[in-house]
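A short worksheet on the structure shown next.
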Amino acid sequence: MSAASIRDQGAGVVLVISAPSGTGKSSVVRRIGGLRFSISYTTRARRDDEEDGVDYHFVELERFHEMRERGEFLEWAEVHGHCYGTASAVVQAILDAGDDVLLDVDVAGAASLRQALPGAILVFLLPPSYEKLRARLEGRGTAAPDLSRRLCNARAEMEQARTFDYLVVNDVLEEATAALEAIILAERSRRERQMAAWERSFGTFPEAGD
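Count the sequence shown with the working numbering and you get residues 9 to 218, in order.
Listed below in structure tokens is the structure:
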């Protein structure tokens, strides 16, 4: 299924979230209710606190390449030496059901999704500071060479934040979650998504002059 084939199909909100590694994106995403999560495919190793098919679909590099060659990914990218991809069929099924979908991708993936799904809402999760981001990465045991690479990549990713629709600082987890929930509520209330509700309500009014 090509990216073009899912344009403008379904009525759900497509929420795309990106953030530098260590910002706490997964923690925020886990607290958001009312959205269906598009589970990405990745070639990286599963962490101890992760579950296959829940956090990611963990696959071998060979299978990932096979899926890519068959055009099964809406977007894919290599991040920190590992491949990540969003399956078109998964997103299509959620949108066809009229549900809202959340996609957790890197900044390159977000740019690809912007082209494939023009109605997608892009949110960039910001760390409160370089120092706090570094402390978070060190706190989860990131090795020195990997730490330097992730911090360097974080700066490059932060430069792309201005292309996103919304920016949310994740300093206090509860506040970042509340901000993201407010964005979702606002997007659900946009006129173009509520025209059916308007028609139902307006249809109950008598004609002018009656």
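Note that the Cβ used here is the ideal one computed from N, Cα and C, for glycine as well. On a predicted model such as this, the values are computed, not experimentally measured, just so you know.
So for residue i, helix, strand or coil by DSSP?
i: Val-109; result: strand
i: Ala-142; result: Reading the sequence as shown, one finds Arg at residue 142 and not Ala. In this structure, Arg-142 counts as helix in the three-state DSSP scheme.
i: Ala-12; result: At Ala-12 the pLDDT is 39, less than 50, meaning the model places this residue with poor confidence and gives no usable figure here.
i: Asp-57; result: coil
i: Arg-44; result: strand
i: Val-180; result: coil
i: Gln-17; result: With a pLDDT of 45 at Gln-17, under the threshold of 50, the modelled position of this residue cannot be trusted; read the value that follows with caution. Coil at Gln-17, not helix or strand.
i: Leu-175; result: strand
i: Gln-123; result: helix
i: Phe-213; result: coil
i: Thr-185; result: helix
i: Arg-148; result: coil
Less than 8 Å between the CB atoms is what I'm expecting for residue i and residue j, so what's the real figure, rounded?
i: Thr-51; j: Leu-69; result: 5 Å
i: Arg-142; j: Leu-159; result: 6 Å
i: Lys-33; j: Asp-112; result: 6 Å
i: Phe-72; j: Gly-93; result: 7 Å
i: Pro-135; j: Pro-28; result: 6 Å
i: Leu-130; j: Asn-178; result: Contact flag wrong, Cβ pair sits at about 16 Å.
i: Leu-181; j: Ser-46; result: 22 Å between Cβ atoms; not a contact.
Shortest alpha-carbon distance to residue i belongs to which of the options?
i: His-90; options: Asp-104, Ala-105 and Arg-54; result: Arg-54
i: Phe-172; options: Trp-84, Leu-121, Ser-209 and Thr-31; result: Leu-121
i: Val-109; options: Ala-101, Ala-116 and Val-115; result: Ala-101
i: Leu-103; options: Glu-167, Asp-154, Gly-20 and Ala-205; result: Gly-20
DSSP puts residue i in a beta bridge; with which residues?
i: Ile-25; result: Asp-112 and Val-131
i: Thr-50; result: Phe-66 and Tyr-92
message = My parser needs the beta strand (DSSP E) runs of 3 or more residues fully inside the region 60–105; what are they?
response = 81–87 and 90–95
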